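Structure first, commentary second.
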Amino acid sequence: MRILHCVSSLKVGGAEKCVKNLVKVQSQKGLDVKVLSFGDKSDAFQRDIESLGVEVINIKGNIITRLVKASRYLAGFSTVHIHSPAVIKAFAPIFPILLFKKVIYTIHGEVEPPIGFVKGSHKLAQLYIDKVFGVSESIKDGIYKRYKWKPQDVIVISNGVYCPPIPQNIAEQPILNLCTVCRLVPLKNIGQLVEAFARYELRQFAKLNVFGDGPERSAIEHLITKYALHDCVTLHGEVLDEDAIYERQDILLINSTTEGLPMSLLEAMARGIPAISTSVGQIPRLIQHGENGFIYNVDDIECWYTLLLSQIHNRDSLRHVGLCAYEFVNQNYAINDVSSIYEAAYR
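Mapping of the sequence shown onto the UniProt record's numbering: position 277 corresponds to residue 277, and the numbering continues sequentially without gaps.
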């Protein structure tokens, strides 16, 4: 069995990170796995995947060149795992090749990408796709509206995450390390957290580490300067090494106004780092408030502050919640278990 994971790119994103995690565990199991990408060789996760010894095939050029290259590479694989609607569209002109393959399709996004011929290519894809997975119940429920597919044909599967063998120690230093891990875009609402740091004079209790980059960076930098927070709020930029991000963190903060299921939440909980998060998207499915994390309503910064302060002053509680977070993700989102489900579908 030769497995080819197909993506539109390997830029930083939830679907791409899921592919990276799958490829890592499947290659460690000794499976013959490769990745086909319509993105650039410089894409961030391409370097990570290649460092595992897994080949990434880049499909570039004009439309004829891309189709010829894709046809040639697809011919050499028994199993094709597609992770993007854009790939479904790209494969439409050469779909007869896929009729003789085992084709798995995972839908990672809650909304349709802004590209043409998506519905038409998905109608065609029904001829060759053997199994469809969606990473949330809402994707399954909305599949008829998107593609006129039957919801009962979609299997809900979690985004898998690497789980260390033991949780890391947290809350051991007098000053807590809080972190956000996300694109710096308006819906992540990071500026509101920076302002809260100033308003509640949190520098005496905690430091805020902001991982990620994006169009809101300059606005956040302005707030840090405005409130003189350089000693307690640090912008680290885009960091891809998950261990480097989380190794010294005590709490993950998510302040989004809308979300699906953030990979950062899974990654933090998998290490025993609890989250204080807005109650949006799929997050309440993971966080049982007060047991393995904490949730609050969007814009309720008073509640956020109360929750944070309670954990600053009760480190034993914070450690216990972190341990519960670790156990929950290990039982429900471990990448080894997710990969095993896919491997059964490949056969």
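The beta carbon of each residue, even a glycine, is placed where N, CA and C say it ideally should be. For clarity, every value in this text was computed on a predicted model and none was experimentally measured.
### Task
Pick out the complete beta strand (DSSP E) segments inside the segment 63–111, 3 residues or longer, and give them in chain order.
79–82 and 102–107
#### Entry: Span of the beta strand (DSSP E), counted from its first residue to its last, around Asn169
First-last for Asn169: undefined, no H or E at that position.
### Query
What does Gly237 pair with, by DSSP beta-bridge criteria?
Phe211
### Residues that Leu176 bridges to, as DSSP identifies them
Ala206
### Task
Let me know if Arg271 comes out buried or exposed under the rule of 16 or more other beta-carbons within 10 Å of its beta-carbon.
buried
### Message
Taking the alpha-carbon of Ala75 as reference, which of Leu36, Leu22 and Val210 has the nearest alpha-carbon?
### Response
Leu36
### Task
List the endpoints of the continuous beta strand (DSSP E) containing Asn58.
Val56 to Asn58
### Query
Enumerated in chain order, which unbroken segments of the beta strand (DSSP E) with a length of 3 residues or greater are wholly contained in the UniProt domain "Glycosyl transferase family 1" (178–318)?
206–211, 233–237, 251–254, 275–278 and 294–296
#### Entry: Sheet register partners of Lys34 (DSSP bridge)
Leu4
### Query
Where does Phe117 sit, in a helix, a strand or coil, going by DSSP?
coil
### Beta carbon of Val280 nearer than 8 Å to that of Glu259
yes
### Query
Applying the criterion that 16 or more other CB atoms from any shown protein chain within 10 Å of the CB defines a buried residue, is Asp48 buried or exposed?
buried
### Task
For the alpha helix (DSSP H) containing Gly39, list its first residue and its last residue.
From DSSP, Gly39 is part of no alpha helix (DSSP H); its letter is neither H nor E.
### Task
Identify, in the order they occur along the chain, each residue of the same chain with its Cβ nearer than 6 Å to the Cβ of Lys69, setting aside the five sequence neighbours on each side.
Ile59
### Query
Does any CB atom of chain C fall closer than 8 Å to the CB of Gly160?
In summary, chain C is missing from the structure at hand, where a single protein chain is found.
#### Entry: Rounded separation between Ser78 and His236 - CA only
42 Å
### Residue interval of the alpha helix (DSSP H) (run including Val19)
Gly14 to Gln28
### Residue nearest to Val23 in terms of C-alpha spacing, selected from Ala15, Gly14, Val54 and Leu10
Val54
### Query
How do the segment 146–153 and the segment 176–194 stand: do at least 3 beta-carbon pairs fall below 8 Å, yes or no?
no
### CB contact flag (Leu252, Leu193, <8 Å)
no
#### Entry: Contact check, Gly160 vs Ser339, beta carbons under 8 Å
yes
#### Entry: Alpha carbon of Lys101 to alpha carbon of Asp231, nearest angstrom
56 Å
### Task
State the start and end residues of the unbroken beta strand (DSSP E) segment that holds Ile155.
Val154 to Val156
#### Entry: Where Thr65 falls, given that 16 or more other Cβ within 10 Å makes a residue buried
exposed
### Task
Would you kindly check if the distance between the Cβ of Cys18 and the Cβ of Ile82 is under 8 Å?
no
### Query
Got a sec? Which residues, its chain only, sit under 7 Å from Asn336 by beta carbon, not counting five neighbours each side?
Val25
#### Entry: Range of the contiguous beta strand (DSSP E) that encloses Val132
Lys131 to Gly134
### Query
Does the segment 290–307 come close enough to the segment 319–328 that 3 or more CB-CB pairs lie under 8 Å?
yes
### Query
Around the C-beta of Phe211, are 16 or more other C-beta atoms found within 10 angstroms, so that it is buried, or is it exposed?
buried
#### Entry: Under 8 Å between C-beta atoms of Gly14 and His108
yes
### Query
Tell me, which residues are paired with Cys161 by DSSP?
One point to set straight first is that residue 161 is Val, not Cys, in the sequence displayed. According to DSSP, Val161 bridges with Ala334.
#### Entry: Inter-residue Cα distance where the pair is Glu242 and Lys226
30 Å
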